[in-house]
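In full-length UniProt numbering, the protein residues as written are 1 to 658. C-beta: ideal position from N, C-alpha, C; glycine also. Here the structure comes first, spelled out in structure tokens, and everything after it is commentary.
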Amino acid sequence: EKHISIQRHLADLEKLANLKEDEKKPCPLCPEEKFKACYSHKLHRHLQNLHWKVSVEFEGYRMCICHLPCHPVKPNLVGDQTLSKMGAHYHCIICSATITRRTDMIGHINRHVNKGETESRFVTVPAPKSSHEVLKELATDVQVLPNYSTPQKTDSYFNPKMKLNRQLIFCALAVLAEERKPIECLDAFGATGIMGLQWAKHLRSSVKVTINDCNENSVTMIQENCHLNKMKVKLNTKEDDNDEALGDGEENTDTIEVTKMDANVIMHLRSFDFIHLDPYGTSVNYLDSAFRNVRNLGIVSLTSTDTSSLYAKAQHVALRHYGCNIVRTEYYKELAARIVIAAVTRAAARCNKGIEVLLAVALEHFVLVVVRVLRGPSPADNSAKKIRYLIHCQWCEERIFQREGNMVEENPYQQLPCDCHGSMPGKTAVVLGPLWSGALFNTGFLRRMLFEAVQYGLDEAQPLLKTLVCEAECTTSKHFTTHSPCDENKQEECGVYIKTPNNSAESYLVPGKRKSNEVIRNAAKRQKAENSAEHPAFYYNIHRHSIKGMNMPKLNKFLCYLSEAGYRVSRTHFDPMGVRTNAPLAQFKTILMKYSTPTYTGGQAEGPLHRAEDVQAGEQVEAAADGKVEDAEFLEDDKSGVAAAVFTKDYPTHCAAD
């Protein structure tokens, strides 16, 4: 039975004392030596202040402090010393343990809750409700433990903020499933199993899903979630192989294989077409195993959540994990993506494999990289050549990749388009890297991902994928066009059509029925030819390069101005105020200056700064400064400020004289 110190209400505790006004009663939780019998009003205050107020609450019950001689006695305490050493303690409602301090009792209960142990061992206490909360995402139900969003406090980690990440990975897998069926895919860090369940539930017979986790509690949770979603389970452990099918899985013939082993072990033992790595922190420890047995033209996706090191907040950690020297820049998110891809490229090259980057996304909480694996030493060499160092100017933040070759440059500053080294004293640039210098996106693959996102109703992923397509093609959103694939009844015959960078519609997707591996190789070659025009590397933040005292043009208008000047331009998902363009930083600032307006002109219309009246007033200012005009009273006119502002750049000597 439960201990008398565990009660629901204070009245229940008072009933134990059987309070009567005309009789003295002892405290039910204190020995007579500690608290003598007293009348009801005094005993009520004693129970309320010394027992009830310092209790620990759990599931509607209060574990009050107890002073009775029920605490385990130390072996060296005998005789009369026993009673003197009996201190206050609590009785655990779950495991009947006795805990001395209140803070220790609270921590003891929390550990029970995090492990899912919430049922009491006492017969008289009704079993509390299940602590498993059921969450729903993409028509998939998953049970989660308390503190499910805090990885340090739970075995089965589930982060609702990573929903967009899961949708992007699902779209990538759906595209691969259209190329070849069936495919074997692995979720190496299952946790709750939400990602693998979504794959199996929506792609069905196109995929053979394996969910792995090395934690026993997580494996149990994954099995329960499979049961919840009417999926059959094939349990595979490291020690022994046994199959276990859940009874309620008869409605759905799809089977999910659940394994309990280290992620490196399962990737060494088996081959997969699709592998997703999402460990807590960096994923560099698992890259060698991932590329060891992944099949040709398969896909490896990895999510890195160690943003403190990748975003240059902990630069020494980035050097330790990725072997990269970095500093905080305006394009730090793209820098993080290129750091991860460089690590992936080196790991693939060690296994004689090359990569083709399909997608690279860096947002607030994670960096997602999706690459296609190309087997052979030639693709490995070609990929390794794209790892280069970056020269970054710390004054103007201009940047450029170092030239290829092993020869030592006499003056590396000459590679930078800016002249900060000549005009500024000391060393002005730093070398960052090694980094991936190739493209970050594959336009055709992104368009097919967008089609899959529309088909499965992934609303959160669609806006991001549209931005990524525009960024990959380096075009503005108003030039974005959606080329829907062929009709569903014709997909098996002609595949999916997508718009290539030269505005020609070609059949990029492999037809519905795969004939041979040669068809896929031809598709890969065609895909490589389509992406010959890579998007410009890096971007500029328009606020970072704004002119003090000037109103900048709207971002979309500024994109048009850059495009009219003959440069490729697009927005970027890395930075909402970023502009990806092949224009040098000097031209970028010149166009920004040209279409900016002074802040004190009362919000005049945006446009070129040199108006006809301003030019005329400027000519008068120049003539007055040269002594050709004796009377210069016009400088007191309202336009004089505009004229002076105009000629501050063109005629600094004259303005200084005025």
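#### Entry: Buried or exposed (CB count within 10 angstroms, at least 16 for buried), LEU319
So LEU319 counts as exposed.
### Query
What three-state label does DSSP hand PHE189 in the structure shown?
Looking at PHE189 - three-state DSSP - the assignment turns out to be coil, as it is neither helix nor strand.
### Query
Using the C-alpha atoms, what's the distance from ASP288 back to ARG166?
Rounded to the nearest angstrom, the two C-alpha atoms are 23 Å apart.
### Query
Got a sec? Which residues, its chain only, sit under 6 Å from ASN293 by beta carbon, not counting five neighbours each side?
Apart from the 5 residues on each side of it in sequence, ASN293 sits with its Cβ closer than 6 Å to the Cβ of SER271 in its chain, given in chain order.
### Message
With a threshold of 8 Å, are at least 3 pairs of Cβ atoms found where one atom belongs to the region 180-189 and the other to the region 268-284?
### Response
These segments touch.
### Query
Do the CB positions of LYS589 and HIS543 come within less than 7 Å of each other?
Not in contact: LYS589 and HIS543 (Cβ atoms no closer than 7 Å).
### Task
With DSSP collapsed to three states, give me the class of THR100.
In the displayed model, THR100 falls within coil according to three-state DSSP, outside both helix and strand.
### Task
Can you give me the start and stop residues for the alpha helix (DSSP H) that LYS333 sits inside?
Judged by DSSP secondary structure, LYS333 falls within the alpha helix (DSSP H) whose first and last residues are 332-350.
### Query
Excluding five sequence neighbours on each side, which residues of the same chain lie with their C-beta closer than 6 Å to the C-beta of CYS470?
Spatial neighbours of CYS470 in its own chain (CB-CB distance under 6 Å, excluding positions within 5 residues in sequence) are listed in chain order as SER477, PHE480, SER570.
### Task
Closer than 6 Å by C-beta to ASN582: which residues in its own chain qualify, once you throw out the five before and the five after it? Chain order, please.
Short of 6 Å from the beta carbon of ASN582, and not among the five residues preceding or following it, lie these beta carbons of its own chain, in chain order: PRO536, TYR567, ARG568.
### Task
Using only alpha-carbon positions, find the residue among GLN394, TRP395, LYS385 that is nearest to GLN402.
Residue LYS385 is the option with its Cα nearest to GLN402.
### Cα-Cα separation between HIS41 and ASN229, rounded to whole angstroms
The alpha-carbon atoms of HIS41 and ASN229 are separated by roughly 58 Å.
### Message
If you reduce the DSSP assignment to three classes, tell me which class SER304 lands in.
### Response
In the structure shown, SER304 falls within a strand segment according to DSSP collapsed to helix, strand and coil.
### Query
Quick one: what's got a C-beta closer than 6 Å to ALA529's C-beta in the same chain, skipping five residues either side?
Any reading at ALA529 needs caution, since the residue's pLDDT is 45, under 50, leaving its predicted position unreliable; the model's value is listed next. Taken in chain order, the list of residues that qualify is empty.
### Message
According to DSSP, simplified to helix, strand and coil, what is MET105?
### Response
Three-state result, MET105: helix.
#### Entry: Same chain only: Cβ atoms within 7 Å of ILE99, ignoring 5 sequence neighbours per side
Close CB contacts of ILE99 within its chain, under the 7 Å cut and outside five residues either way in sequence, are with HIS89, TYR90, CYS92, MET105, HIS108 (chain order).
### Task
Kindly indicate which residue of MET552, ALA188, TYR331 has the alpha-carbon position closest to the one of GLY578.
Closest option to GLY578, Cα to Cα, is TYR331.
### Message
For a test of the three-state rule: what should DSSP assign to LEU138, helix, strand or coil?
### Response
Taken through DSSP and simplified to helix, strand or coil, LEU138 comes out as coil.
### Message
With H, G and I counted as helix, E and B as strand and the rest as coil, what does DSSP make of HIS316?
### Response
Annotated three-state conformation of HIS316 is helix, per DSSP.
### Message
Please report the distance separating the alpha-carbon of ILE341 from that of PHE441.
### Response
C-alpha of ILE341 to C-alpha of PHE441: approximately 12 Å in a straight line.
### Message
Bridge partners for HIS91 per DSSP, in chain order?
### Response
Partner(s): THR98.
### Task
With 7 Å as the threshold, decide whether the Cβ of THR345 is near any Cβ in chain C.
You won't find chain C in this structure, because it holds only one protein chain.
### Message
Just to check my reading of the structure: THR467 and HIS365 have Cβ atoms closer than 8 Å, yes? What is that Cβ distance to the nearest angstrom?
### Response
Not really, about 18 Å apart at Cβ, beyond 8 Å.
### Query
For ASP306, which residues from the same chain have a beta carbon less than 8 Å from its beta carbon, with the 5 sequence-adjacent residues on both sides left out?
GLY281, THR282, VAL317, HIS321, listed in sequence order.
### Query
Can you list, in chain order, the stretches of the beta strand (DSSP E) that have 3 or more residues and sit fully within the region 527-596?
Taking only runs of at least 3 residues, the beta strand (DSSP E) segments lying wholly in the region 527-596 are 569-571, 578-581.
### Query
Can you list, in chain order, the residues of its chain whose CB lies under 7 Å from that of ARG338, leaving out five sequence neighbours each side?
If we look at ARG338 and ignore the five residues flanking it on each side, its Cβ neighbours are LEU435, TRP436.
### Query
With distances taken from CA atoms, which of ASN285, GLU473, SER304 is nearest MET267?
When only C-alpha atoms are compared, the closest one is ASN285.
### Task
Report, in whole angstroms, the separation of the C-beta atoms of CYS226 and ILE194, which I expect to be a contact under 8 Å.
CYS226 to ILE194, Cβ: 11 Å. No contact.
### Message
Do ASP213 and VAL207 count as a contact pair if the criterion is CB distance below 7 Å?
### Response
Not closer than 7 Å, so no.
### Task
Evaluate contact between the region 544-559 and the region 340-359, counting only Cβ atoms and requiring at least three cross-stretch pairs below 8 Å.
Cβ pair count under 8 Å is below three, so no.
#### Entry: Through-space distance from CYS64 to GLN7, alpha-carbon basis
So the two alpha carbons sit approximately 8 Å from each other.
### Query
For LEU297, which option in ASN325, LYS353, LEU235, VAL134 has the closest C-alpha, if you only look at C-alpha atoms?
Of ASN325, LYS353, LEU235, VAL134, the residue nearest in Cα terms is LYS353.
### Query
How about VAL265 and THR192: are their beta carbons less than 7 Å apart?
For VAL265 and THR192, no; Cβs fall outside 7 Å.
### Query
Does the Cβ-Cβ distance between ALA17 and LEU43 come in under 7 Å?
In this structure, LEU43 lies closer than 7 Å to ALA17 by Cβ.
### Task
Under 8 Å by Cβ, that's how I've got LEU458 and LEU432 pegged, so tell me the actual separation to the nearest angstrom.
Not really, about 35 Å apart at Cβ, beyond 8 Å.
### Closest by C-alpha distance to ILE299, when choosing among GLN394, TRP395, HIS9, VAL370
Comparing Cα positions, the closest option is VAL370.
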